[in-house]
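Remarks on the structure that follows.
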Amino acid sequence: MTVPVATESAYLLDIYARYRRDPLSVPADWRIHFEEMEPERAGGRGNGEALGLRLVEAYRRFGHREAALDPLDLAARMPAVPLERLRAEVAAQPGLMTRVTLSGETCETPLASLAAELQRLYAGKVGLEAQQVEDDEARDWLYGAFEALFAAQAPVDLANRALDAIVLADTFETFIKVKFPSKKRFGVEGAEGAIVFLRELLREACLSGFDETVIGGMHRGRLATLATVLGKPVGTLLAEIKGRDLTDGGPDFTGDVPYHLGYAGEVSHGERRMKLSISPHPSHLMTVAPVVTGLARGKRGTAGDDVLCLLLHTDAAFSGQGLVGEVLQLGGLAGYEVGGTVHLVVNNQIGFTTNASEGRTSRYCTDIGKMVGAPVLHVNGDDPVAVARVAALALAWRRRYRRDVLIDLVCYRRNGHNELDEPRFTQPKIWAAIDARPSLRDSFTAVVAGLDAAAPERVAQLAEAFKAEMQEGYAAIESLRPNAASARPEGWAGIARAGAAEMLDRIETGLPIEQLRAIGREASLLPPELKPHAKVAQFYRTRLETIESGNDINFATAEALAFASLLAEGVPVRLSGQDCARGTFTQRHLGVHDVETGQHLMPVAGLAAGAARFEAVNSPLSEYGVLGFEYGYSLAAPNRLVLWEAQFGDFLNGAQIMVDQFIVSAEAKWELMSGLVVLLPHGLEGQGPDHSSARIERLLQLCAGGNMIVANPSTPANLFHLLRRQVKAPWRKPLFVIAPKALLRQKACVSALEEMAAGTAFRPVVSEKPVRPARRVVLCSGKIGYELAAARDGLGLEDEIAIVRLDQLYPFPAEELAEALSQHGDADLVWCQEEPENQGALAHVAHQLRCDPRFGGRALAHVARPPLPVAAGGSIERHEGEQAALIGQALDLTRGNA
């Protein structure tokens, strides 16, 4: 559909609107003109012009308040006071003419006719809110496009397409209701307009040049959307509804309920074809939104601006979930924008049993979208033609301005929250009205029959054909073979599945030393014309010195070498997080700023080869939304390194839903792989309960079936290898890095370039080469190992006490650990951690040693802080005392119970 635009009166209407807001904001000649037109200053024609302009402005601003949006029409529609006053003025001056028109024609029109036309356009079945759009040109275009579109007669073929959508949706839901009466399906009945919207929007997107649309969905109408919009084979869909397992994911694959599953297909119109995908999602409402937004951004990175992001919501979730604000804000930030998202809110006018008045304080469920200046199109869901036209207008806005647009599809539910729920217990009046209402299929078929007499017979045949297809699929349910519903996304076919055992295989990730030195040199040299801060300049000089010498490589340099070497190999690298470009601990300095001009560059980015690109994006103060975005970004392609860094590991719990429902479980539920790296600064340093712990114990509790990696690298070289392994391994798994804080500047915590040389790899267990067996082995992970070593060496106990560091906690490196312990015979074995006893890796390590026969049931003592309900205390004095005590106990200096 082409959206016509009326532009003739746009300038006049805009400048008058600005005059009404602030007379001094318009040029003097216009101000004089408008003053002369005011009613108290002029009569006759001047009064008609002024009143006409005021009418247009008022209807554009307030018309939506009087629109007939509710199909049930249960609540009284109160007239908008500004419109009432203006209509009274018009009625008091019968016969008054105006030259203000919406069509742009130069003619005089009765003012009453203008008012009637505005009432029809702005207070009909569609309401437009655009006052929040700050861009004057964009707002004027939208008003003009809206007026021209709805002033014109809708073409008959549009009505027929809308009817097809409704008939298909109704046929599908009726079939499912009969065949699976006891199954939850979250049917689309009462919101069939959503299917109309989706089919029309995707048709327009395909015809207008988009190559792909990625969709984030919801429960409501999910199955009908899969069948009638995305074209998922109905046989497969019916088998999933029945409960058949159609995958061959193995014992670690759990699957999910059918209304959570994703699908990828395509749609074609004329000569054009467009890929479609809908992401799998959990029951946690809105959680999928940032994931799909990140996926759209990641796909756009390889395909240009030809990917449309479409998010589907319901009213209660959109107005109730705080994540909505995070997602909307991301859409306007350079590091996260996707060229505008189309948001369809299926407004059931109720939550589960919660009325709208109990669930929000705003007039509309979409009001939160106004904070980013997104226009809102409210539409009566039982007017399919209006819904289809709104879809075309929304896409036209998205294409022209590359900004978000919201559609409030006002509808209802014929059933309860699901088909097994009884809504009449709590909303009897609403459901009495719904029960008395004819189906949209019947009522709209009659409407279209008045436009096209052949329509009823045509859609009857359409319904019969679709029903026959479903019947055939239903009959074949038991004969479907496993893997008929493979969810492997495009581009991931060559990535191997892997369990914990395969993930423990050694993967060489080192590079020739001279190649490393050349890469490091290029990533450390600043152009002579750049004038950085003196300390930053020294930072880069020191880095270059260590690279040239091949010694004293710290964590930040090792990380930069990993980034730069991957970029040089053509692998894109993206790092996101709060303050990540500089680093929370002033350790990274990826961006170098000129102190005089403010311009900046990223030396590492200069290493990018081919299509590779480096991004270090300082994120907004968000964990939940941004982590979800980066996870989605990582799904777009397997051969890129995507990292998200928490400011402190403690703040990961602000995104715990994303961790639980997507990152650690998506492969088990949906066969969805990701190589996302999550950097979590961790370490008890006397900084209080909120700047100490990444909650290692929580991460380890989520580990099973080789679903993820939890690593605590204690050397810069190990961090280098970990990051490179993420894209060099034949598999992809999320990597949670328990990242250093104090070790960033610990003089003992450095590596040599030879530890990253060709033939080297990540070392999951870091142990010393003993001269002879020790009497005690202290097993630990992370920075506590350096503190133990310093105390031990200070006492000259190097030959008596061995320290073994676990740099990978999951998958557990039992073979390497058993080999390290075997060098010390029957020495006492102690686990030492600085975390409280009920936290950290203690329970995990003890379980591994207890259950693995390679350790022969070996006794494991432990040293830790006493159990605490918090991660750490707030007193530095107390921290230091506790730290000294546990180190002494671990080294057997106090002859305690360890």
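The sequence shown lines up with residues 356 to 1253 when you count with the numbering used here.
We put the CB at the ideal spot given by N, CA and C, even for glycine.
All figures in this text were calculated on a predicted structure; none of them were measured in a lab.
* Asked: Below 8 Å between beta carbons: does that hold for P993 and R872?
  -> No. Outside cutoff.
* What is the DSSP secondary structure of P645, counted as helix, strand or coil? -> It is helical.
* Find out if the Cβ-Cβ distance for the pair M1257, E547 is shorter than 8 Å. => Nothing about residue 1257 can be read from this structure; the chain reaches only from 356 to 1253.
* Sort out for me which residues DSSP pairs P465 with in a bridge. => P465 is bridged by DSSP to M452.
* Along the chain, where does the alpha helix (DSSP H) that runs through G828 open and close? -> It spans A810 to A830 - the alpha helix (DSSP H) in which G828 sits, taken as one unbroken run.
* Asked: Which residue or residues does DSSP assign as beta-bridge partners of E1110?
  -> Bridge partners of E1110: none, in fact.
* **Test item: CB-CB of L732 and L748 under 8 Å** => In contact: L732 and L748 (Cβ atoms closer than 8 Å).
* Write down the C-beta distance between A582 and F527 rounded to the nearest angstrom, noting that I regard them as a contact closer than 8 Å. => Indeed, because the Cβ distance is near 5 Å, the residues count as touching under 8 Å.
* List in chain order: all unbroken alpha helix (DSSP H) runs of 4+ residues lying wholly within the region 743 to 806. => Secondary structure remark: continuous alpha helix (DSSP H) runs of at least 4 residues inside the region 743 to 806, in chain order: 783 to 790 and 795 to 804.
* **Secondary structure of M726, DSSP reduced to three states** => The answer is helix: DSSP assigns M726 an H, G or I state.
* **Buried versus exposed, by CB contacts within 10 Å (16 or more), Y374** => Sixteen is the threshold: when 16 or more other Cβ atoms of the shown chains lie within 10 Å of the Cβ of Y374, as they do, the residue is buried.
* To do: Starting from R872, follow the beta strand (DSSP E) in both directions and report where the run begins and ends.
  => Element bounds for R872: not the beta strand (DSSP E) but the alpha helix (DSSP H), I868 to E877.
* Asked: Pick from P588, A1182, D1162 and Y1165: whose alpha carbon is nearest that of D1154?
  -> Here the closest residue by C-alpha is A1182.
* Find the nearest neighbour of G1043 within the set L1223, G865, V1019 and A1059, judged by alpha-carbon distance. => For G1043, the closest C-alpha among the options L1223, G865, V1019 and A1059 is that of L1223.
* V1218: first and last residue of the uninterrupted beta strand (DSSP E) it sits in -> V1218: member of the beta strand (DSSP E) spanning A1216 to R1220, first to last residue.
* Pick from V662, R454 and V543: whose alpha carbon is nearest that of C561? -> Out of V662, R454 and V543, V662 has the C-alpha closest to the C-alpha of C561.
* F1091, enclosing alpha helix (DSSP H) - first and last residue -> Segment L1090 to A1094 is the beta strand (DSSP E) holding F1091; no alpha helix (DSSP H) there.
* Report back the beta-carbon spacing between L667 and I785 to the nearest angstrom; my notes put them in contact at under 8 Å. => The beta-carbon distance between L667 and I785, rounded to whole angstroms, is 23 Å. This is too long to meet the 8 Å contact definition.
* Buried or exposed: I1231, going by 16 or more other Cβ atoms within 10 Å of its Cβ? -> In the assembly as shown, I1231 is an exposed residue. Its beta-carbon has fewer than 16 other beta-carbons within 10 Å.
* Cβ contact (3+ pairs, closer than 8 Å) linking the region 511 to 522 and the region 689 to 709 -> These segments do not touch.
* Are the region 1011 to 1031 and the region 1105 to 1121 in contact at 8 Å, needing three or more beta carbon pairs? -> Not touching, per the Cβ criterion.
* Per DSSP, cross-strand counterpart(s) of A915 -> A915 pairs with nothing; no bridge assigned.
* Asked: So which of H574, E1052 and R1209 has the shortest CA-CA distance to P635?
  -> With distances taken between Cα atoms, P635 lies closest to H574.
* Which of helix, strand or coil does DSSP assign to C664? -> C664 falls in the strand class under three-state DSSP.
* For T669, which residues does DSSP report across the bridge? -> Note: T669 sits in a beta bridge opposite V701.
* Between the region 975 to 982 and the region 1068 to 1081, do three or more beta carbon pairs fall short of 8 Å? -> Because the criterion of three Cβ pairs below 8 Å is not met, the region 975 to 982 and the region 1068 to 1081 do not touch.
* C-alpha gap between G805 and P637, whole angstroms -> Per the coordinates, the alpha-carbon of G805 lies some 43 Å from the alpha-carbon of P637.
* **CA-to-CA distance, L406 to E395, given in whole angstroms** => The pLDDT assigned to E395 is 49, lower than 50, so where the model puts this residue is not dependable, and the model offers no usable value.
* Go ahead and pull the three-state DSSP assignment for F389. => Helix.
* Identify whether D1207 lies in helix, strand or coil by the three-state DSSP scheme. => Coil, per DSSP.
* Asked: What are the complete beta strand (DSSP E) segments, minimum 3 residues, inside the region 1100 to 1187?
  -> Fully enclosed beta strand (DSSP E) runs of no fewer than 3 residues occupy 1120 to 1122, 1131 to 1135, 1156 to 1161 and 1163 to 1165 of the region 1100 to 1187, in order along the chain.
* **contact_flag[the region 915 to 925, the region 955 to 967] where n(CB pairs < 8 Å) is 3 or more** => Touching, per the Cβ criterion.
* Buried/exposed call for N909, threshold 16 Cβ in 10 Å -> It is buried - the Cβ of N909 has at least 16 other Cβ atoms within 10 Å.
* To do: Could you pull out every residue in the same chain whose Cβ sits closer than 8 Å to the Cβ of A423, ignoring the five residues on either side in sequence?
  => Excluding sequence neighbours, A423 sits near R432, A478, G479, K480 and N735.
* Asked: Can you tell me whether E777 is buried or exposed, with buried defined as 16 or more other CB within 10 angstroms of its CB?
  -> Exposed: under 16 other Cβ atoms inside 10 Å.
* Could you check if S1029 is buried or exposed, using at least 16 other CB atoms within 10 Å of its CB as the buried criterion? => Counting Cβ neighbours within 10 Å, S1029 comes out buried, since at least 16 surround it.
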